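K.L.:
Per our numbering, residue 8 is the first one in the sequence shown, and the count goes up by one each step.
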Amino acid sequence: MKANKLTIRINRPVEDVFDFVTDPANTPKWIDFIVIEKTNESPPRLGTIYKNQDRSGAWRDIEMTEFEENKMFVMTNSKTGYHVKYTLRPVNDAAELEYYEWMDQGELEDPFTINFLEKLKSVLEKPA
Numbered sequence: 008m009k010a011n012k013l014t015i016r017i018n019r020p021v022e023d024v025f026d027f028v029t030d031p032a033n034t035p036k037w038i039d040f041i042v043i044e045k046t047n048e049s050p051p052r053l054g055t056i057y058k059n060q061d062r063s064g065a066w067r068d069i070e071m072t073e074f075e076e077n078k079m080f081v082m083t084n085s086k087t088g089y090h091v092k093y094t095l096r097p098v099n100d101a102a103e104l105e106y107y108e109w110m111d112q113g114e115l116e117d118p119f120t121i122n123f124l125e126k127l128k129s130v131l132e133k134p135a
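Laid out in C-alpha cells, this is it:
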C-alpha cells in the first residue's frame, strides 16, 4: 500500500484535538508503539522537528513541513519519503479528523489502522 486514509469523528472541539495531537507528550497515550516523543520547540510550527522513540529503542525524526493552526499539518521524514497529513474540520460541536499517510516511493511499512484513531477518540472523549 502506497497511501492510507482514515477518518474519525471526535466529540471535542477542533482546537482541543489539534492541540492534543501536536503535543509530543500525548503521542504515547494513543500510539502504542511510541514510548517517548520530543520536539525542538514549543508550540509547534512550520519547521518543528519531532523525535520519537519506538519500543525497540530506535529513534526517528519527522519535520513539520506544512502547518495551519487548528486546520491541518503535514509531517515528513525526508530520509524515508514518508508523509502524514492530519486535517481537522468542525462538524457541529465535534471534530472530524482525516489521517492520510503516504510514501514518495515504495510501500508503507506499517500503515495505521482505525484502531489508533479509535484510541485517540477514546482518550480525548474520556471525562476529566
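Ideal Cβ placement from N, Cα and C applies to all residues, glycine included. This one's a predicted model, so the numbers in the text were calculated from it and none came from an experiment.
Specify whether the region 43 to 55 and the region 94 to 114 touch according to this definition: at least 3 beta carbon pairs, one from each stretch, less than 8 Å apart.
P.N.:
As far as the Cβ criterion goes, the region 43 to 55 does not touch the region 94 to 114, which means the pair count is below three.
K.L.:
So leucine 53 packs on methionine 82, CB below 8 Å; how close in whole Å?
P.N.:
Here residue 53 corresponds to residue number 46 of the sequence shown, with the count starting at 1. Here residue 82 corresponds to residue number 75 of the sequence shown, with the count starting at 1. Contact flag wrong, Cβ pair sits at about 11 Å.
K.L.:
Which one or two residues does DSSP pair with proline 20 in a beta bridge?
P.N.:
Along the sequence shown, read from residue 1 onward, the residue named residue 20 stands at position 13. Proline 20 pairs with nothing; no bridge assigned.
K.L.:
Could you give the DSSP three-state label for proline 35: helix, strand or coil?
P.N.:
Start at 1 with the first residue of the sequence shown, and residue 35 comes out as number 28. If DSSP states are grouped into helix, strand and coil, proline 35 belongs with the helices.
K.L.:
Please state whether DSSP places phenylalanine 74 in a helix, a strand or coil.
P.N.:
Your numbering for residue 74 matches position 67 in the sequence shown. Reduced to three states, the DSSP call for phenylalanine 74 is strand.
K.L.:
For lysine 86, which of Arg67, Thr94 and Glu76 has the nearest alpha-carbon?
P.N.:
Within the sequence shown, the letter at position 79 stands for residue 86. That would be Arg67, whose Cα lies nearest to the Cα of lysine 86.
K.L.:
Lysine 12: which of Val91, Lys126, Ala102 and Pro134 sits nearest, CA to CA?
P.N.:
Residue mapping note: residue 12 aligns to position 5 of the sequence shown, counting from 1. It is Val91.
K.L.:
Are glutamate 137 and threonine 34 closer than 8 Å when you measure CB to CB?
P.N.:
Given a span of 8 to 135 for the chain in the structure shown, any question on residue 137 remains unanswerable.
K.L.:
How many angstroms separate the CA atom of threonine 94 from the CA atom of glutamate 114?
P.N.:
By 1-based counting over the sequence shown, the position of residue 94 is 87. By 1-based counting over the sequence shown, the position of residue 114 is 107. Distance between the alpha carbons of threonine 94 and glutamate 114: 22 Å.
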